[in-house]
Ligand SMILES: [Zn+2]
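Residue numbers (this note's numbering): 238 to 545.
Here it is as structure tokens:
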């Protein structure tokens, strides 16, 4: 027998069916409120940004409006920057960081770039502090046409008409201790696979696009965030979560092939932030500030390179 605990739902080696999916759903309770934490803050920003509802989720009678905010002085002559948070609903600083950026820093970029911000892409999961949506689907492996994530489909539809105009996209995430204690074991159980324990890095890192690496862009963000919070060191194998560290705090994934959110715009400059909120060396406020610093550094670099 392995000493790795078995996930409480399902039979080891067998992928979940409808019964297990329903058991999983029943185990998920509403632990915080999108309509309390997020929607009022979106509403409060509507005096400065144009608010839109780009989709509506209906999960067993629970409905969620999907909110986006964009620059009021939208100028088709300017490039677009997309900021997304809450693609994984449990990753709180992504949601709060996107809202905080709009509230405190976005005005610095007025007249230079069109901002489009979707602060909480997966609200059902925000409320359950979970990674998956109602269908036990990870939105961030399913940003592809015809994919099973309604959250991903709605965001793709929002962005689609604007493709070709994006200068950059920064997708705000976290890597948490619960990735190892809950979400990776759940993933293995769902798919009938064996859970292989991994290491959670202590610190901030970025995921670049293996198919379009922009090393200097990533390094500019790391340099800015390092002033706010600590950067994740490589593990003994020179890796972060199983991928080689290609520069301080930077790993690469093939974004498109993995169906990741950061691939949806086709922008030249794309990145995924990974804040580590469970470190004894940080705080929720610092994590939010790290996300804001990352967004500003991405904009500063991208606008500097595009000469606007
Ligand atoms: Zn994430």
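Positions of the beta carbon are idealized from the N, C-alpha and C atoms, including for glycine.
Values in this document were obtained by computation on a predicted structure and should not be read as measured data.
In the DSSP assignment, what are the bridge partners of residue 379? One-based indexing of the chain shown puts residue 379 at position 142. DSSP lists no partner for residue 379.
Given a threshold of 16 other Cβ atoms within 10 Å of its Cβ, counted over all protein chains shown, does residue 277 qualify as buried or as exposed? Counting from 1 along the chain shown, the entry for residue 277 is found at position 40. The residue in question, residue 277, is exposed, as its Cβ has fewer than 16 Cβ neighbours within 10 Å.
Which runs of the beta strand (DSSP E), 3 residues or longer, sit entirely within the stretch 491-517? 506-512
Which term fits residue 341, buried or exposed, when burial requires 16 or more other beta carbons within 10 angstroms of its beta carbon? For this step, residue 341 is matched to residue 104 along the chain shown. Result: exposed.
Would the C-beta of residue 367 count as close to ligand 1, meaning under 7 Å from any of its heavy atoms? Locating residue 367 in the chain shown gives position 130, where the first residue counts as 1. It does not: the Cβ of residue 367 is nowhere closer than 7 Å to a heavy atom of ligand 1.
I'd like to check one pair, residue 305 with residue 409: are the Cβ atoms closer than 8 Å? Start at 1 with the first residue of the chain shown, and residue 409 comes out as number 172. Start at 1 with the first residue of the chain shown, and residue 305 comes out as number 68. Contact: no.
Residue range of the unbroken alpha helix (DSSP H) whose run includes residue 458: Position 221 of the chain shown holds residue 458. Its alpha helix (DSSP H) spans residues 452-462.
Is residue 410 near ligand 1, in the sense that its beta carbon is under 7 Å from a heavy atom of that ligand? As a first step, residue 410 is located in the chain shown; it is residue number 173 there, counting from the start. Yes, since a heavy atom of ligand 1 falls inside the 7 Å radius drawn around the Cβ of residue 410.
Using DSSP bridges, identify the partner residues of residue 410. Numbered from its first residue, the chain shown carries residue 410 at position 173. For residue 410, which the question treats as bridged, DSSP gives the partners 511.
Measuring CB to CB, does residue 282 end up less than 8 Å from residue 319? The count along the chain shown starts at 1 and reaches residue 282 at position 45. The count along the chain shown starts at 1 and reaches residue 319 at position 82. Against a cut-off of 8 Å, the Cβ pair of residue 319 and residue 282 comes out as no contact.
Would you say the beta carbon of residue 483 comes nearer than 7 Å to a heavy atom of ligand 1? Position 246 of the chain shown holds residue 483. No, ligand 1 has no heavy atom inside 7 Å of this Cβ.
Does the contact criterion of 3 or more C-beta pairs under 8 Å hold for the stretch 366-380 versus the stretch 321-330? yes
Check: residue 328 C-beta below 7 Å from any heavy atom of ligand 1: Residue mapping note: residue 328 aligns to position 91 of the chain shown, counting from 1. At least one heavy atom of ligand 1 is nearer than 7 Å to the Cβ of residue 328, so yes.
Taking residue 411 and residue 330 to be in contact with their CB atoms under 8 Å, please state how far apart those CB atoms are, rounded to whole angstroms. Here residue 411 corresponds to residue number 174 of the chain shown, with the count starting at 1. Here residue 330 corresponds to residue number 93 of the chain shown, with the count starting at 1. Contact holds; Cβ gap of about 6 Å.
Measuring straight from C-alpha to C-alpha, what distance separates residue 350 and residue 316? Indexing the chain shown from 1 puts residue 350 at position 113. Indexing the chain shown from 1 puts residue 316 at position 79. Spanning the two alpha carbons is a distance of roughly 5 Å.
The stretch 477-486 / the stretch 523-534 touching (three or more Cβ pairs under 8 Å): no
Per DSSP, what kind of secondary structure is residue 257 in: helix, strand or coil? Along the chain shown, read from residue 1 onward, the residue named residue 257 stands at position 20. Here residue 257 sits in helix by DSSP.
Quick check on DSSP: helix, strand or coil for residue 354? The residue labelled residue 354 in the question sits at position 117 within the chain shown. Three-state DSSP puts residue 354 in a strand.
Where residue 244 falls: helix, strand or coil (DSSP): Numbered from its first residue, the chain shown carries residue 244 at position 7. If DSSP states are grouped into helix, strand and coil, residue 244 belongs with coil.
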